Amino acid sequence: GNSVTQMEGPVTLSEEAFLTINCTYTATGYPSLFWYVQYPGEGLQLLLKATKADDKGSNKGFEATYRKETTSFHLEKGSVQVSDSAVYFCALRIQGAQKLVFGQGTRLTINP
Amino acid sequence: EAQVTQNPRYLITVTGKKLTVTCSQNMNHEYMSWYRQDPGLGLRQIYYSMNVEVTDKGDVPEGYKVSRKEKRNFPLILESPSPNQTSLYFCASSFGDRTNIQYFGAGTRLSVL
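Residue numbers (this note's numbering), protein chains in the order written: chain D, 1 to 112; chain R, 1 to 113.
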């Protein structure tokens, strides 16, 4: 079946540190890949996406590259801020379907 | 402002007492969906709707009902809630096209005692 696996959290970093949150997937066909962010008390917001192999999604200093050979979509940011503290979800959507399949989420805390 | 609105945001109820969580979107989206979020499990889809009067089961539909009488509204109904339905619920909507950027409501935290 289709599934998404994210690195276990929680993750705690100091401000200005480098961030990587790992995400790997299993899917039939050619999925689109997404990162969603959930700030405290809010719903999920789309952070970035990639629709085909080797695409790089980017937004707010975050980046992720669609790697078909390793079935991965790792989230990176060069210098995190306290305001990046949130829960991050990796997700996929199978071509032709509407449903999003989510990973379990990774809670990120950035300390000043 | 484009948004998905859920009500209520918080709800405490008792086993067996019917409840409805409302969801409304103002973006004229065809596709709407309900998810539940549980620790360590991410979000799992409960039901979805491709358009008015078209609904279908997601991955965890047991114990839930939905209806889609109007395009903007997609209520989630728990006819006889049980404690295992204690969770955080999200409604989402999108255009039914290949871009499928889903917009989420702020969530409803439900506790069933």
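Beta carbons are placed, not taken as given, at the ideal position from N, Cα and C, and that holds for glycine. In this text the structure is predicted, and so the values were computed from the model without any measurement.
DSSP three-state label for residue i, please.
i	result
D:S83	helix
R:N51	strand
R:Q25	strand
R:Q85	helix
D:Q98	coil
D:R67	strand
R:A92	strand
R:I101	coil
R:V66	strand
R:K17	coil
R:F74	coil
Between residue i and chain D, is any beta-carbon pair separated by less than 8 Å?
i	result
R:A2	no
R:L76	no
R:Y47	no
R:Y31	yes
R:G16	no
R:G63	no
Rounding to the nearest angstrom, what Cα-Cα distance links residue i and residue j in this structure?
i	j	result
D:R62	R:L88	Looking at the sequence itself, residue 62 of chain D is Phe, so the reference to Arg does not match. Going by the C-alpha atoms only, they are around 27 Å apart.
R:N28	R:V52	11 Å
D:Q81	R:Y10	30 Å
R:E1	R:Y48	24 Å
D:S83	D:I110	8 Å
R:R44	D:P31	18 Å
Is there a C-beta anywhere in chain R that falls below 8 Å from the one on residue i?
i	result
D:Q98	yes
D:Q81	no
D:G78	no
D:G57	no
D:F89	yes
Who are the neighbours of residue i on chain D, taking C-beta pairs under 8 Å?
i	result
R:F90	G43, L44
Counting only Cβ pairs nearer than 9 Å, list the residues of chain D close to residue i.
i	result
R:L11	Simply none; closest approach about 16 Å.
Interface residues of chain R around residue i at Cβ under 7 Å?
i	result
D:F102	G42, L43
D:G105	G42
Kindly indicate if chain A contains any beta-carbon less than 8 Å away from that of residue i.
i	result
D:L44	The displayed structure is made up of protein chains D and R, and chain A is not among them.
Review point. Listed in chain order, which residues of the segment 100 to 112 of chain R have Cβ atoms closer than 9 Å to some Cβ of chain D?
Key: Within the segment 100 to 112 of chain R, the qualifying residues are N100, I101, Q102, Y103, F104, G105, A106, G107.
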